[in-house]
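Undergrad:
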Amino acid sequence: MPASEVRADAIAARLSAAGLTTRVEEHGHCTSIEAEVPGTLSAESWREVLEVVAEADRFGLIATNLNGRTLWAVVRKRVPTTGDVGGPAISDRS
């Protein structure tokens, strides 16, 4: 099993252990994990959840009045070897 898959599975398992229902989707270059966050999540549980998603390559929270709060995390399947690993390259502005 590739290391990225192990990481994604571990993140999903830990979020589930924290009481969140997770969805895992495989994409071409990454694996995404999403979880609905209940409005009653305690401060201690938030800290635990944030520690878990911090292990992903990227993570965030989408909050709307209609759909509540969805926590997401992305694990890249391959680690970039050069360039800016956090996003697209910035061109020179001469």
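Counting in our numbering, the sequence shown runs from 6 upward without gaps.
Idealized CB from N, CA, C, for every residue including glycine.
Here the structure is a predicted model, which is why all the values come from computation and not from measurement.
Based on the DSSP output, what are the partners of glutamate 30 in its beta bridges?
TA: Position 25 of the sequence shown, counting from 1, holds the residue named residue 30. Paired residues: Ser37.
Undergrad: What is the rounded straight-line gap between the Cα of leucine 25 and the Cα of glutamate 60?
TA: Reading the sequence shown from its first residue, position 20 is the one you call residue 25. Reading the sequence shown from its first residue, position 55 is the one you call residue 60. The alpha-carbon atoms of leucine 25 and glutamate 60 are separated by roughly 17 Å.
Undergrad: With H, G and I counted as helix, E and B as strand and the rest as coil, what does DSSP make of arginine 81?
TA: Translated into the one-based positions of the sequence shown, residue 81 becomes position 76. Correct three-state label for arginine 81: strand.
Undergrad: My guess is that arginine 19 and valine 80 are in contact by the Cβ rule of under 8 Å, so how many angstroms apart are they, rounded?
TA: Counting from one through the sequence shown, the residue named residue 19 turns up at place 14. Counting from one through the sequence shown, the residue named residue 80 turns up at place 75. Wrong, their Cβ atoms sit about 13 Å apart, outside the cutoff.
Undergrad: Only counting the same chain, and skipping five residues up and downstream in sequence, which positions put a Cβ closer than 6 Å to that of arginine 28?
TA: The residue labelled residue 28 in the question sits at position 23 within the sequence shown. Here the set comprises Glu39.
Undergrad: Under the three-state reduction of DSSP, which class applies to alanine 23: helix, strand or coil?
TA: One-based indexing of the sequence shown puts residue 23 at position 18. Coil at alanine 23, not helix or strand.
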